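Participant:
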Amino acid sequence: MSVEKTLSIIKPDAVKRDLTGKIIAMLEEKGLRVVAQKKILLSKEQAGSFYAVHRERPFFDELCEFMSSGPIVVQVLQGNSAIELNREIMGATNPEQAEAGTIRKVFALSMTENSAHGSDSPETAREEISFFFSGLEILQFCHPIRVSVNNTFLPFPLRNSLKTLLYKRCSCGSKSSSIFFAVLSSAIFIITCPSMGP
Ligand code: GDP
């Protein structure tokens, strides 16, 4: 499993119905993090150049019309196997064939108005990300590793020091750093917990 970036679009049908927050929550729950994001309105020409690969398909005009019919949210997602994971969370292109619980099954209105887009390969992801974002707009940092249960038990000054340490040392997706911090936070928990009784 490697850490990847992928392009995700919340399409006009979903933005119009105020589903942006719900869709982002579905992505974050499965471990994808938003490292760049903006809400924009495409012209029909811009939609056509993004979907240029489908230029010869019968649905191309309808697709470009739809993609420029209202604001969209474009975002870069980062996580382990982000490209495949995002597509799993989105579900099949045709919402009728999408698995239960996927974005398209839950929210899509039709094959065209299918609520979400996700890059389908590392090469496409690179091209699609640079279509919408410059390097400067993409966060080169991710949230610290969550220390949930341990964190609750830590006394305030220690909790803050640990958080600072995690922020400073977080290197996104590095397995060894995850193990290091898991061991570190467990050790602090074991040391401090017995003295934290009610
Ligand atoms: P995706 O990667 O699952 O989004 O699918 P594609 O890259 O094949 O197609 C891009 C978008 O074009 C889809 O998300 C749909 O909105 C639309 N689309 C694809 N196939 C069809 C089709 O057969 N009919 C219609 N109306 N729209 C389609």
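Following the working numbering, the numbering of the sequence shown begins with 16 at its first residue and continues without gaps. Here a beta-carbon is modelled for each residue, glycine too, at the ideal position from N, C-alpha and C. Since the structure is predicted, the reported quantities are computational estimates derived from the model, not experimental observations.
Residue range of the beta strand (DSSP E) that Val-49 falls in?
Facilitator: Residues 48–55.
Participant: From the DSSP output, in three-state form, read off Lys-20 for me.
Facilitator: Strand at Lys-20.
Participant: The beta strand (DSSP E) with Val-88 in it runs from where to where?
Facilitator: 87–95 is the span of the beta strand (DSSP E), which, as asked, contains Val-88.
Participant: Quick test of the definition: if touching needs 3 or more C-beta pairs under 8 Å, does the segment 16–24 touch the segment 122–129?
Facilitator: No contact exists between the segment 16–24 and the segment 122–129.
Participant: Can we count Leu-254 as close to the ligand GDP, meaning its CB is less than 7 Å from some heavy atom?
Facilitator: A query on residue 254 cannot be resolved here, the shown segment of the chain reaching from 16 to 213 and no further.
Participant: Using DSSP's beta-bridge definition, name the partner residues of Gly-36.
Facilitator: BP columns for Gly-36 are empty, so no partner.
Participant: Would you grab the beta carbon distance between Lys-120 and Gly-106 for me? Rounded to a whole angstrom, and I think it's under 8 Å.
Facilitator: Their Cβ separation, rounded to whole angstroms, is 5 Å, which keeps Lys-120 and Gly-106 in contact under 8 Å.
Participant: Using C-beta distances below 8 Å, list every residue in its chain close to Phe-65, excluding the 5 sequence neighbours before and after it, in chain order.
Facilitator: So the list reads Leu-57, Met-82, Glu-143, Phe-146, once near-sequence residues are dropped.
Participant: What number of angstroms, rounded off, separates the C-alpha of Lys-31 from the C-alpha of Leu-151?
Facilitator: Each residue's Cα considered, the two are about 28 Å apart.
Participant: Assuming Phe-156 and Val-91 make a contact with CB atoms under 8 Å, what is their CB distance in whole Å?
Facilitator: In fact, because the Cβ distance is near 13 Å, the residues do not count as touching under 8 Å.
Participant: Report yes if the C-beta distance between Ser-136 and Lys-26 is below 8 Å; otherwise report no.
Facilitator: No, these two residues do not count as a Cβ contact at 8 Å.
Participant: Examine the ligand GDP and report whether any of its heavy atoms sits within less than 7 Å of the Cβ of Leu-92.
Facilitator: No, Cβ of Leu-92 sits at least 7 Å from all heavy atoms of the ligand GDP.
Participant: Going by CA-CA distance only, name the one from Ile-104, Thr-117, Val-88, Thr-139 that's closest to Gly-36.
Facilitator: Ranking the options by Cα distance to Gly-36, first place goes to Val-88.
Participant: Is the CB-CB distance between Val-18 and Leu-154 below 8 Å?
Facilitator: Cβ atoms of Val-18 and Leu-154: not closer than 8 Å.
Participant: Between which residues of its own chain and Lys-216 is the CB-CB distance below 6 Å, once the five residues before and five after are set aside?
Facilitator: Lying outside 16 to 213, the shown extent of the chain, residue 216 is not represented and no answer is given.
Participant: My assumption, with CB atoms under 8 Å, is that Ile-118 sits in contact with Met-41. Please give the rounded CB distance.
Facilitator: Right, the Cβ-Cβ distance comes to about 6 Å (below 8 Å), so this counts as a contact.
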